[in-house]
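Per the numbering used here, the very first residue in the sequence shown carries number 50; after that it's consecutive.
Every residue, glycine too, gets a C-beta built ideally from N, C-alpha and C.
Accompanying notes for the structure given below.
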Amino acid sequence: MSRRLKSPPAIASLSNRVPLLPVHYGRTVGRRDSSLLSARETFRRHEILLTGANGFLGKVILALLVARFPDFRRLHVLLRPKRRLSPEERFEKEVLASPPLEAVLSDPAARRSIERVSVLAGDVGQPGCGLEEETVEALAGRVGLIINCAGLVDFYPPVDESFQSNVNGVEHVLDLARALGARLLHVSTCFVCGEADGLVEESEPILGFYPRRKGPSDMGFRHDREMRYMRERIREAYAAAGVNGTGRRPRELAQRLSDLGAQRAAQWGWTNTYTYTKSLGEQIIAAAEDVQWAIVRPAIVEAALEFPFPGWVEGGRTAAPLVMMAAAGLRHWSIREDAPMEVV
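Below, the structure is given as structure tokens:
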């Protein structure tokens, strides 16, 4: 996707002066002069809420905030309990003990700033992000920015799982932004362009987008109608399997739901269920007229060039197998010279 986009000054602070990734900006109000805001000054005045802090990208964002903006007012991390671990225990084991945080917390200023990080028990897949009403009331007017890194990065999962994180989760985070009076920075993917041919500009309207919209037969796309359709198909699949949505799901039902998502994505021109549901999430946000938002669309996020330290990566990312094969002695690959690969 193109990067030819200027940052509206009203939310330029979200990009730390210069957007390094494709960014789509939504409704802006207030400030009208052309000067850029200081991210450091903005974070000093406002509290931040971060979702997905236990993920690959979320850990780095948290580490960046702690290392580069140590004087932020307060940072709230939303985590759900998992198995026998409380949200606080997960934060200690999965986040603070991770290499990115261990690296930056060697600095005294970062260690002091981590004391202003609080863990909130919640789940973006639940209404209100699973937060208690009293917690939301306490945060209202204090949290100025929500950074939403939560999501399911699985190309062909059962479609109900992808909907829970990438569609329902976005609805719930957006509702929380409304309740708190906060701006929203949402992490998406540049691959929402799907199989669309040619250059897809960042100025391309989000609402109504689907990759085959410029084909010989424009079917028209409405995200709200599409969401109703898929939710009904999911309910039908559960009913046909005699499952009420709770308890363990039969393998046959999981496969049917996986096929359902992949087929529906392909029908509209998305490459997989992941990009299909991420685009639906974008369109939910773009339809909001009462929240200031920005959508960041990274490409393939790979190993660190410099921060938190050179070479850090978590899990088998897209290019990791190539690195492993090279380390094992493989010297030649078959390639297509006309197939560019964009890597962050």
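The Cβ atoms of Val126 and Val168 sit closer than 8 angstroms to each other. Given a length threshold of 3 residues, each whole run of the beta strand (DSSP E) inside the segment 188–243 is given here in chain order: 192–197, 232–236. Arg274 and Arg261 have their C-alpha atoms roughly 17 angstroms apart. Selection Asn103, Trp317, Ser147 evaluated against Gly264 yields Trp317 as nearest (Cα-Cα). Rounded to the nearest whole angstrom, the C-alpha separation of Tyr278 and Arg284 is 10 angstroms.
For Glu137, no beta strand (DSSP E) segment is defined; the enclosing uninterrupted segment is the alpha helix (DSSP H) at 136–139. Boundaries for His95: no beta strand (DSSP E) harbours it, and the DSSP string shows neither H nor E there. Per DSSP, Leu124 is one residue of the beta strand (DSSP E) stretching across 123–128. Note on Gly107: 16 or more other CB atoms within 10 angstroms of its CB, so buried under the neighbour-count rule. Less than 8 angstroms separates the beta-carbon of Ile333 from that of Leu223. In the structure shown, the three-state DSSP call for Trp342 is strand. Distance from Ala199 to Val173 at the Cβ level is roughly 5 angstroms; contact confirmed, criterion being Cβ atoms closer than 8 angstroms. Contact between Arg232 and Trp342 is confirmed by a C-beta separation of about 7 angstroms, below the 8 angstroms threshold.
Between Leu113 and Phe356, the CB-CB gap stays under 8 angstroms.
In this structure, Gly310 lies away from Ser214, with their beta-carbon atoms at least 8 angstroms apart.
In this structure, Ala159 lies away from Leu128, with their beta-carbon atoms at least 8 angstroms apart. Residue state for Ser87 is assigned as coil, using DSSP reduced to three classes.
When secondary structure is reduced to three states using DSSP, Val166 falls in the strand class.
Sixteen is the threshold: since fewer than 16 other Cβ atoms of the shown chains lie within 10 Å of the Cβ of Thr367, the residue is exposed. With respect to Ile196, Leu99 sits close: the two C-beta atoms are nearer than 8 angstroms. About 5 angstroms separates the beta carbons of Lys327 and Val241, which is inside the 8 angstroms limit, making them a contact pair. When only Cα atoms are considered, Asp308 and His221 end up about 26 angstroms apart. If you draw a 10 Å sphere on the C-beta of Val192, you find 16 or more other C-beta atoms in it, and that means buried. The alpha carbon of Val219 has as its nearest neighbour, out of Leu306, Gln175, Gly257, Ala187, the alpha carbon of Gln175. Taking C-beta separations shorter than 7 angstroms and ignoring five residues to either side along the sequence, the partners of Arg139 in its chain run Asn103, Leu128, Lys131, following chain order.
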